[in-house]
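Working notes, structure below.
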Amino acid sequence: MKTTHKLIIGSSELMPELADSSIQLIVTSPPYFNAPFDYEGFYYNYDKYLEVMSTVSKEMYRVLDKGRILILNIDDMLVNGVKYPITADFTKILQGVGFLYRDRIIWKKPDGYLRISRRSGVLLQHPYPMYFYPDNLLESLLIFQKGEFDYKSIPDTLKQESKIDLDEFKKNKWYSNLWHITNVLPNAKYENGVAAFPDEIPRRFIKLFSYKGETVLDPFLGSGTTMKVAIELQRNSVGYELKPELEEKITKKLKLDCTDIFIDYDVNFEVIRRF
Ligand SMILES: C[S@@+](CC[C@H](N)C(=O)[O-])C[C@H]1O[C@@H](n2cnc3c(N)ncnc32)[C@H](O)[C@@H]1O
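Under our numbering, the first residue of the sequence shown carries the number 22, and numbering increases by one thereafter.
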């Protein structure tokens, strides 16, 4: 099956390249406000951040097909000693533009992963009440839906082609709302300098919420993880990325810089540069 993949270098605040209801699944992870290391000073303030996310959310709602799913990987963030309730605020924004809140899965990273600081160390130095600050090993995977899905709209042959492997489902406990998934390691080859999620996150959701040949959107593409997995799973994809310098990283990750690649996948790849 030939699939088509479109990388748009530009902001997803506006997605004029996409028609209304033309996307069957969105899997994405936006910036976590001005997250230390990754997005220091990226937004003027928290209100501006929420305003941008709200604009993108309206576009996500417009382009998503009726009944379909949006997956948002996000979490609250500590910036300059202040904890921002991004998960709650984003949920409100998405509900405000029309999405139904469907579920929340907790992604748990291995115990050895502590990215920012050992906040809990404060209590070790001051072993008294009121000095407790937990370290964060968790992120949220929020599931939203655009109205009701028409199960009868999918032909039987397509259902069979996209059937979920129940052994994989049971073995990896996809049925629970606690997913143990190893994070991308800091010195990873294609993800250096990008707060990338591991392939396993889009992989599970693409299998669970889209059929082969459908189109998956990531409006915050980063290193291109969602697009890479979409190719592997024979879905079409569209990705928006604001930073032009990531184009090279994305094409390397998709292995589109080599001529002999995609021996296994029949792929059409296009880049639109708005700049
Ligand atoms: C958390 S990263 C996404 C990482 C991605 N999931 C991956 O696995 O590589 C968020 C990305 O969104 C990009 N970004 C921020 N604002 C954007 C916007 N308005 N439009 C498009 N991309 C944006 C950032 O440059 C960054 O690369």
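For every residue, glycine included, the Cβ atom is placed at its ideal position computed from N, Cα and C. Predicted, not measured: the structure shown is a model, and the values here were computed from it.
Self-check item: Backbone CA spacing between K274 and L267 [nearest angstrom]
Solution: 10 Å
Quiz item: Which value, in whole angstroms, describes the spacing of the CA atoms of L242 and A216?
Solution: Those two C-alpha atoms are separated by around 10 Å.
Quiz item: Skipping 5 residues on each side, what residues in its chain have a beta carbon closer than 6 Å to that of Y60?
Solution: P52
Exercise. Would you check if the distance between the CB atom of F74 and the CB atom of P240 is smaller than 8 Å?
Key: The amino acid occupying residue 74 in the given sequence is Met; Phe does not appear at that position. Result no, Cβ atoms of M74 and P240 do not sit closer than 8 Å.
Quiz item: Could you give the distance in angstroms between the alpha-carbon of T203 and the alpha-carbon of R140?
Solution: Straight-line Cα distance between these residues: approximately 21 Å.
Exercise. Express the C-alpha separation of S32 and L71 in angstroms, rounding to a whole number.
Key: 15 Å
Quiz item: Is D281 buried or exposed, if buried means 16 or more other CB atoms sit within 10 Å of its CB?
Solution: Caution is warranted here: a pLDDT of 45 is assigned to D281, below 50, making its placement in the model unreliable, and no coordinate value can be reported.
Quiz prompt | Enclosing beta strand (DSSP E) for I127 [first to last residue] | solution = L121 to K129
Practice problem: From the DSSP output, read off the bridge partner residues of N101. | Solution: Looking at the DSSP assignment, N101 forms no beta bridge with any residue, so it has no partner.
Self-check item: Assigned secondary structure, F165 (DSSP; H/G/I helix, E/B strand, else coil)
Solution: strand
Quiz item: Could you give the uninterrupted runs of the beta strand (DSSP E) lying entirely in the segment 145-231, keeping only those of 3 residues or more?
Solution: 159-166 and 199-201
Quiz item: Where do the ends of the alpha helix (DSSP H) carrying F241 lie?
Solution: Per DSSP, F241 lies in no alpha helix (DSSP H) and is assigned neither H nor E.
Quiz item: Taking R125 as the reference, which of I164, K23, L254 and P155 has the closest Cα?
Solution: Nearest C-alpha to R125: I164.
Quiz item: In terms of residues, what are the limits of the beta strand (DSSP E) holding D287?
Solution: D287 to R294
Quiz item: Is the beta carbon of V292 within less than 7 Å of some heavy atom of ligand 1?
Solution: no
Exercise. List in chain order: all unbroken beta strand (DSSP E) runs of 3+ residues lying wholly within the segment 53-123.
Key: Runs of the beta strand (DSSP E) inside the segment 53-123: 85-95, 98-100 and 103-105.
Self-check item: CB-CB length for N198 against I127, believed under 8 Å
Solution: 6 Å
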